[in-house]
Amino acid sequence: MALASRPKKETQRIGIKKSKNMLYSGTSLASAESLTVPLVQVVVLSADIRCAECQRRVADIMSRMNEVETHMIEKQQCRISVCGRFRPSI
């Protein structure tokens, strides 16, 4: 089976235009890894919370802590998950 010859279409070249104001900073992956990033950690605590009052008290205490970003109380699984920027103890 012979293919019909078609005229070739002229394709438009796509290029990246570089701005003259755009300078390469010369950073490498090694120097990017040395940047300080805020530490966000998740701590899972085992807690047997039996009543709604205890759950409310734990939620109230967690909401007052400065380092805590989010917390989740799972009554059925008997655990509390706390997410925040905690300073590592040395």
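97 is the number of the first residue of the sequence shown in the working numbering; add one for each residue after it. We put the CB at the ideal spot given by N, CA and C, even for glycine. Keep in mind that this is a model prediction, so the values were computed, not measured.
Can you tell me the Cβ-Cβ gap for residue i and residue j, rounded? I've got them flagged as a contact below 8 Å.
i, j, result
"Val154", "Ile145", "7 Å"
"Val140", "Arg175", "6 Å"
With respect to the beta strand (DSSP E) encompassing residue i, which residues constitute its N-terminal and C-terminal limits?
i, result
"Cys179", "175 to 180"
"Glu165", "164 to 170"
Over what stretch of residues does the alpha helix (DSSP H) that includes residue i continue unbroken?
i, result
"Gln137", "It is not in any alpha helix (DSSP H) - Gln137 instead sits in the beta strand (DSSP E) that spans 137 to 142."
"Ile145", "First-last for Ile145: undefined, no H or E at that position."
Please report the distance separating the alpha-carbon of residue i from that of residue j.
i, j, result
"Cys179", "Met168", "9 Å"
"Ile157", "Gln151", "10 Å"
"Glu170", "Arg183", "25 Å"
"Ala148", "Gln172", "12 Å"
Using CA coordinates, which residue listed in the options is at the minimum distance from residue i?
i, options, result
"Thr166", "Glu149, Ser177, Leu135", "Ser177"
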